[in-house]
Structure formats: C-alpha cells, structure tokens
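Below you'll find the structure, written out as structure tokens, and then a few comments.
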Amino acid sequence: PVSRIAKPEFKGAIYRVRRKGAPRVEDPWGRNLKLETQPPAALARWLDDPRQAVGDQALDLLVRAGEAAVEPLSRLREAGSTPEVRASAVFALARIGNGKAAAAVRAALSDRDFVPRIAAARMAGLNKDRQALRRLMEMVRREHPAVRRQAATALGQIGDPRAVPALLAASADPAERDRFVEHSIIYSLITLKTPAPLIAALQNRSPKVRKAALIALDQMDGSPLRREHLARNLNDPDPLLRRAALWMVAHHPDWSGEVLELLGARFRARELPPEEAEAIQETLVSLCGNSATQKLIAAVLGDRTAGVKQHLFVLDAVDRCAVVAHRHHDPVLA
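All residue numbers for the sequence shown refer to our numbering, where the first residue is 91 and numbers rise by one.
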C-alpha cells in the first residue's frame with residue numbers, strides 16, 4: 091500500500107489490522123517470562139494466559155517435559171478455571187502419550203464440562219486407545235450432541251468391531267435431530283467394515299436404525315447390500331427411510347423392477363410426497379435408459395387424468411436424462 095511503483099506480478103498483500111483505541115499488550119510473546127527456565131508446575135499456570143503466544147509456548151514446553159508434566163497437567167484438567175484451559179491440558183497430555191498421560195486423557199472423558207470431554211474423545215480416537223472403548227460407547231448414546239459426534243468418530247478411528255452395536259443403538263435415538271451426529275455414526279459404521287450386525291439391524295423396529303444400516307451397507311467397500319435388503323424398505327411408512335432407499339436404488343439400475351413398481355404406485359396416487367420428490371426424480375433420471383422406465387414415463391404423460399404438476403415433474407426428469415434418444419425406439423424421449 092505504500093509503494094509508488096506498480097507491481098502487477100504481485101497478486102495481493104498482507105495487512106495488519108488493529109482496532110482503533112485497543113489497549114497495548116505488554117510482552118505479547120512472553121519473552122520476559124523466561125518460560126523455558128520454569129518447572130512444569132509453573133508452566134501449567136500459563137496455559138490460562140490471555141496472550142495466545144504465551145499459552146502455546148507453555149504447552150509446547152510441557153509436552154517436552156514429558157512425564158514430569160503429567161501430574162500438573164492432570165491437576166489443571168480437574169481444576170482449571172475454564173473449560174478451554176482444561177481442554178488444552180487434555181491436548182498436552184495426549185501429546186505426551188505415555189501410560190500415565192493416556193490414563194489422564196481417559197479420565198477426561200468424564201470431565202464435568204463437555205468441552206474437555208470432546209478433546210478427550212478426539213485424542214482417544216487419534217491415538218486408537220482401545221482402553222477408552224467402553225466409555226466412548228456410553229458417550230455415543232447419551233451425551234451432548236457435540237460429544238456424541240466426536241465419540242462416534244473416535245470409535246471408527248479405533249477400529250474395534252465391538253463398537254458396532256453401540257453405534258447402531260445411538261442411531262435410534264428419537265430425540266436426536268443433529269445431522270452431524272448421524273453422519274458421524276454412519277461413517278464409522280462404514281469404516282468398521284462389519285456387515286453381519288448391519289444386515290441383522292435391517293429387521294430392527296426403528297426406521298432410524300434401518301436407515302443407518304442401509305446407508306452403511308451401501309457405502310461399504312465391496313457393498314454387501316442386496317436387492318432383497320432394499321426392497322422391503324421402499325414402501326416403509328417412514329418418509330426418511332423411503333427417501334434413503336430411493337436414493338440408494340438410483341445407484342443400482344439393475345434393481346429397477348421393484349423401484350418401478352413403487353414409482354408406478356406413487357404416480358397413481360396423484361400426489362407425490364414432497365419429502366420424496368427429489369429422490370423420485372433422481373431415480374427416474376438414473377433409470378431413464380431402461381425401457382420399462384420409459385414405458386412408465388410414457389404412461390404418466392399419456393394419462394389425461396394426471397395433474398399438470400405430475401407432467402411437469404416427469405418432463406423435468408426427461409430433460410435431465412442423458413440417454414441418446416431414437417424416435418423409432420423411444421417415442422417419449424425423442
């Protein structure tokens with residue numbers, strides 16, 4: 091900004107912006123504190139310093155101190171002034187990583203505040219701590235949503251198939267509307283690669299459990315999902331499960347028979363369920379190269395009793411279809 095010479099080769103600049111009238115921070119880097127000379131018990135107290143650089147430097151020095159820093163960090167985790175400070179202590183303990191430090195991280199899974207519990211679950215997952223498995227399986231079922239999400243992620247990272255029943259049970263919670271939690275649960279079910287309990291879960295009374303099991307089976311490497319697994323869910327009373335089943339079948343054109351039967355019933359009902367409209371259209375587009383699908387489209391467009399909305403809905407699907415049409419073969423698409 092102070093240059094008087096044009097430099098078109100420079101695409102941008104870095105500006106340092108400060109609030110007008112902001113108080114001056116004394117020793118922002120903590121150079122006068124001589125932190126490198128202080129013992130771990132004294133360093134732990136600096137994690138709560140408002141100067142970010144001071145807290146970061148203290149944390150690095152505590153990690154370097156190793157086992158000598160475990161006790162002061164554990165005390166800070168238990169009695170720190172804020173949840174964020176206690177979470178910082180958890181991260182430092184996890185970076186030390188020996189037996190006592192790992193046990194202290196596991197103890198933080200039961201901290202009184204959810205922020206340190208999130209930190210502990212994250213580090214237990216990254217460190218693949220199988221000794222934390224039981225507590226994480228409890229957390230994924232009954233906890234603050236953010237803790238449940240991190241516990242689900244950690245169970246997938248640890249990679250122990252014993253976590254599958256707990257993850258399936260967590261997916262059934264009717265009070266939980268957090269899509270991030272649901273995604274974390276399903277993703278961990280995918281990474282654990284244990285199809286047998288998921289196939290058994292397709293008989294579960296909860297549509298939420300069946301939905302999680304279906305998606306995980308579909309997305310798992312070498313997908314063990316079969317036509318019969320999906321067919322029985324296409325007409326389920328639960329709209330979210332039906333939509334998920336329609337979305338999955340759109341990726342399996344060879345399973346078109348059951349789907350077209352379902353779609354025919356939907357169009358005969360004259361009113362497409364709004365929550366399923368997008369999934370139904372995606373299914374039509376994905377199967378539009380199928381002659382049976384084209385016959386269904388022709389039947390809907392040729393039905394004078396069908397509403398304008400249905401005709402426009404089907405025409406929109408035809409417009410999106412990538413099939414190269416030939417008039418003598420595909421009169422509807424031509």
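For every residue, glycine included, the Cβ atom is placed at its ideal position computed from N, Cα and C.
A contact is defined here as three or more CB-CB pairs under 8 Å, and the stretch 198-215 meets this definition with respect to the stretch 236-245. Restricting attention to D406, I280, P251, the CA atom closest to the CA of S313 is found in I280.
Here the stretch 158-173 makes contact with the stretch 124-131; the two share three or more CB pairs at distances below 8 Å.
Under the 10 Å beta carbon count, G170 is surrounded by 16 or more other beta carbons and is classified as buried. Within the stretch 210-256, the complete alpha helix (DSSP H) runs of at least 4 residues fall at 223-229, 235-248. Here the C-alpha atom of F181 lies approximately 7 Å from the C-alpha atom of A209.
In the DSSP annotation of this structure, the continuous segment of the alpha helix (DSSP H) that includes V180 starts and ends at 173-186. When secondary structure is reduced to three states using DSSP, Q147 falls in the helix class. Of the candidates A211, E318, D326, G145, G145 places its Cα closest to the Cα of R121.
Counting every other CB atom within 10 Å of its CB across the protein chains shown gives A407 a total of 16 or more, marking it as buried. Taking all protein chains shown into account, A303 has 16 or more neighbouring C-beta atoms within 10 Å of its C-beta and is therefore buried. Cβ contact annotation for L149 (same chain, cutoff 8 Å, sequence separation greater than five): L137, S178, F181, A182, in chain order. In the DSSP assignment, V107 falls outside any alpha helix (DSSP H) and carries neither an H nor an E.
When the Cα atoms are used, L282 and D250 turn out to be separated by approximately 7 Å. Going by C-alpha positions, M227 is about 49 Å away from L402. Put simply, the backbone Cα of D201 is about 8 Å away from that of E168.
Distance from T373 to V339 at the Cβ level is roughly 6 Å; contact confirmed, criterion being Cβ atoms closer than 8 Å. In the displayed model, H319 falls within a helix according to three-state DSSP.
DSSP places F204 in the helix class (H, G or I) of the three-state scheme.
The beta carbons of D203 and R176 sit closer together than 8 Å.
Separation of P235 and P173 (C-alpha to C-alpha, rounded to the nearest whole angstrom) is 17 Å. Counting the other CB atoms within 10 Å of its CB gives Q240 a total of 16 or more, which places it among the buried residues. Apart from sequence neighbours up to five positions away, the residues of its chain that approach D139 with a beta-carbon distance below 7 Å are G145, ordered along the chain.
If you draw a 10 Å sphere on the C-beta of D344, you find fewer than 16 other C-beta atoms in it, and that means exposed. Note on geometry: alpha-carbon atoms of P297 and L163 lie some 45 Å from one another. Proximity to A197 across R185, I186, Q221 peaks at Q221, based on C-alpha coordinates. For M338, the enclosing alpha helix (DSSP H) covers residues 329-339.
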